[in-house]
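A quick write-up on the structure given underneath.
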Amino acid sequence: MQAVLEHSPPAGATVQTAKRTGFLLLSPSVLILLVWSIVPLVMTLWYSLQNYNLVDPTLHGFAGIDNYWYLLTDPDFLHALLNTLVLVAGVLVISIGGGTLLAVLYDQEFFGRGIARIMVISPFFIMPTVSALLWKNLMLHPIYGVYSAMMRAVGLTPIDWLARFPLMTVMMIVAWEWLPFAVLILLTAVQSLDGEQREAARMDAAGPIARFRYIILPHLGRAISVVVMIETIYLLTIFAEISVTTAGGPGVASTNLAYLIYSRALLQFDVGGASAGGVVAIVIANIVAIFLVRAVARNLEA
Amino acid sequence: MATVELKNLRKTYLTEEIIKGISLSIEEREFVVFVGPSGCGKSTLLRMIAGLEDITSGDLLIDGQRVNDVEPGKRGLAMVFQSYALYPHMNVYKNMEFGLKLSGMPEAERRAKIEHVARTLQLEPYLNHKPGQLSGGQRQRVAIGRAIVRNPKVFLFDEPLSNLDAALRGQMRVELSALHRKLGATTIYVTHDQVEAMTMADKIVVLQKGIVEQIGSPLELYHHPRNLFVARFIGSPPMNFFSAIFQGGDAAGSSVQLRDGSSLYVPVTSPGLLPGTKVTVGIRPEHVELASSGPNSGVVEVIERLGAITLVHVRMPDGEIIVVQTDGAVLTDVDTRVSLTLPPRNCHLFAPDGLAFEACHRHPLAA
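So the protein lines, in turn, are chains A and B.
The working numbering puts the first residue of the first sequence at 599, with every later residue one more than the last.
The working numbering puts the first residue of the second sequence at 352, with every later residue one more than the last.
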């Protein structure tokens, strides 16, 4: 024992060595993360302060806050911002409202439940571009679409959904894609509800609606906040569905922030303006994230 | 307060019959305990009474009314679950209030009632706590409180103490008995713990594989088990058994020959049994007496000293182990040879079909 004590190095030195090893082992991933996120961010910030338009190479140089000024005073920007919020809120309401009801439904015993569950989950596995195309050409097309055929069958005039209600239609398509995710998470949450709690509620003479309102819904609180958080992160950047169906139009009726930046950069070749849009989007996403993470974290703690 | 009557109650899951025709009547204010090994159907039977499981056939009567098809909440029962099943997002007050609120009781009346019950159960300081902030014993009390406020006709308990540690279980057992005396409510209690059954019950129902093995007071079951199963199940450590040959009997008793050739005259009647039939002799460990010499000798294999009592495990010549419960200060040591005396009046005889022979004299405490 004595010998061991004498030969072991002082405790402080061991800690130092361990720290250095840890740092060395961590450094490759830290480096990659830095290159991956910081470099593009700095480049975006730099371009957003430059006059940089691909179709007019003669105009270049430091622009100051001009790009931001043009963007923030552009009526399209406000419109796109509003569209983004409407899309996020609308899809959240549809997917969580519908998801909760479907989760409770799929928790019941009924014939063919296994197959029904797989079918309700499957839209989530379809690529956004593909599902947008399916909806655009197969379901909603004013001439060939299934809905048009159904409307004609009862004597109604088919509606050109994407032209008449572009934002609502995009919202519907995105909600169709995200509803399965909500169902999946909420179904597992419903199933984790203690059976004896439901039975206790039955003994307390709670009917199905009272059980849903007072037992199941509070139990789902955490799962719902997780769904809200994850969906919001993705819904702020909806792009493929808009690009495939309406291309942001008519006008800017279905343009959200992500699509606005894209159209500035790659349709109008205004790299400087698009970068300014990107920076604004980052700021907005962070504001949303701070509020969201706080609200959700509080909910998860309780 | 109410009576409960079960008439040939049956329950079938798919093709398997779980409850095989149980008839039972429970009097007002009675504390009835369903006891049996796991899988005997005791919890299923309780859940059928509660209305949480459908009744396949037979009649369930509460206060003389057939309630087979009445919703659980409308039967006038309250149940305490094994996991307590408190609503985790509601505080103690709201947990107790939930059922009352749904039944449309006015706010003031609810408050008065809950506060009264909380005082009885010493829950007043915790009314604003969530179940997650309470200890196991406190949660247990909240679950009981939630049952009491509804003023039910019958209380149902489904293994309520099995999640508590031994000390707390003992304490809650006493509290439950006191509470039952105070409320005087008809109570049905399911447990696998025979100590709970023996200490709390007015009437014990021993179940095995969906049938009733015996119904009786705790001491009736202890002194006059109806068959081998009940004899083995009630009492700890369990009764010792050995085989013997029936020799003959008269009105005052029956005589049997043990393996080692000695014979025993037990005061039980044996109508119609042929001499030469193989029977089983049973005697509880606390009734076997140790002697230093004599017949029935064996070697001490294990000694468990519990302080107040000592359990001596004796290996008999035929290889069987007989457990003897004796004084805590007994000096016997492992590997010594001891003799066992079997007082005949404490012996039980069981026919080949497992049924016990009728005792000639009922035990005074089990009349």
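Backbone N, C-alpha and C fix where the C-beta goes; we use that ideal spot for every residue, glycine too.
Against chain B, does residue i count as a neighbour if the rule is that its beta carbon must be under 9 Å from one of theirs?
i                 : result
ILE663 of chain A : no
MET599 of chain A : Here MET599 of chain A scores only 43 on pLDDT, less than 50, and its place in the model should not be relied on; the value that follows carries that caveat. Judged by the 9 Å Cβ criterion, MET599 of chain A is not in contact with chain B.
PRO721 of chain A : no
LEU603 of chain A : Because the pLDDT at LEU603 of chain A is just 48, under 50, the model does not fix this residue reliably, and the value given afterwards should be weighed accordingly. LEU603 of chain A does not count as touching chain B.
THR642 of chain A : no
State yes or no: is the beta carbon of residue i nearer than 9 Å to at least one beta carbon in chain A?
i                 : result
PRO434 of chain B : The sequence shown places Ser at residue 434 of chain B, rather than the Pro named in the question. Taking Cβ atoms only, chain A reaches closer than 9 Å to SER434 of chain B, which makes this a yes.
ALA353 of chain B : no
GLY402 of chain B : yes
ALA469 of chain B : no
ALA429 of chain B : yes
ARG501 of chain B : yes
LEU691 of chain B : no
TYR616 of chain B : no
PRO439 of chain B : yes
ARG497 of chain B : yes
Name the chain A residues whose beta carbon is nearer than 7 Å to that of residue i?
i                 : result
PRO423 of chain B : ARG800 and MET801
So is residue i in contact with chain D if we call contact Cβ pairs under 9 Å?
i                 : result
ILE840 of chain A : The structure shown contains no chain D; the protein chains it does contain are A and B.
Taking 8 Å as the cut-off, is the beta-carbon of residue i closer than that to any non-hydrogen atom of the ligand FMN?
i                 : result
GLY424 of chain B : Looking at this structure, you won't find the ligand FMN or any other ligand, since it has none at all.
Any residues in the stretch 791 to 818 of chain A with a beta carbon nearer than 9 Å to a beta carbon of chain B? Which ones, in chain order? ASP792, GLY793, GLU794, GLN795, ARG796, GLU797, ALA798, ALA799, ARG800, MET801, ASP802, ALA803, ALA804, GLY805, ALA808, TYR812, ILE813, PRO816 and HIS817
With 8 Å as the limit, tell me which residues of the stretch 442 to 455 of chain B have their beta carbon closer than that to any beta carbon of chain A; keep them in chain order. PHE449, GLY450, LEU453 and SER454
Assess contact between the stretch 800 to 814 of chain A and the stretch 711 to 725 of chain A, defined as three or more Cβ pairs (one per stretch) separated by less than 8 Å. Is contact present? no
Touch check for the stretch 623 to 630 of chain B and the stretch 598 to 613 of chain B: three-plus C-beta pairs under 8 Å? yes
Are three or more beta carbon pairs between the stretch 848 to 860 of chain A and the stretch 871 to 889 of chain A nearer than 8 Å? yes
Three or more C-beta pairs under 8 Å: does that hold for the stretch 552 to 560 of chain B against the stretch 380 to 388 of chain B? yes
Validate contact between the stretch 687 to 695 of chain B and the stretch 636 to 654 of chain B using beta carbons, cut 8 Å, 3 pairs: yes
Any 3 or more C-beta pairs closer than 8 Å across the stretch 693 to 708 of chain A and the stretch 355 to 369 of chain B: no
Say whether the stretch 764 to 772 of chain A touches the stretch 784 to 800 of chain A, bearing in mind that this needs 3 or more beta-carbon pairs closer than 8 Å, one atom from each stretch. no
Kindly provide the ranges of any alpha helix (DSSP H) runs that are 4 or more residues long and lie completely inside the stretch 690 to 767 of chain A, ordered along the chain. 711 to 719, 726 to 731, 744 to 751 and 759 to 762
Mind pulling the alpha helix (DSSP H) runs of 4 or more residues that sit fully within the stretch 463 to 531 of chain B? 487 to 500
Just list the alpha helix (DSSP H) runs in the stretch 775 to 860 of chain A, keeping only unbroken ones of 4 residues or longer that don't cross its boundaries, in chain order. 793 to 801, 806 to 809, 815 to 833, 838 to 843 and 855 to 860
Write down every uninterrupted run of the alpha helix (DSSP H) in the stretch 549 to 605 of chain B whose length is 4 residues or greater and which is fully enclosed by it, in chain order. 569 to 574 and 579 to 584
Taking 8 Å as the threshold, find out whether the stretch 466 to 485 of chain B comes into contact with the stretch 438 to 449 of chain B through three or more Cβ pairs. yes
Report the residue ranges of all beta strand (DSSP E) runs contained in full by the stretch 372 to 433 of chain B; include only those spanning at least 3 residues, in chain order. 382 to 386, 408 to 413 and 428 to 431
Under 8 Å, with one C-beta from each stretch per pair, do the stretch 587 to 595 of chain B and the stretch 661 to 677 of chain B reach the 3-pair mark? yes
Quick one: which unbroken alpha helix (DSSP H) runs of 4-plus residues sit fully inside the stretch 642 to 672 of chain B? Chain order, please. none
Closer than 8 Å is the cut-off here; do at least three beta carbon pairs connect the stretch 837 to 845 of chain A with the stretch 484 to 494 of chain B? no
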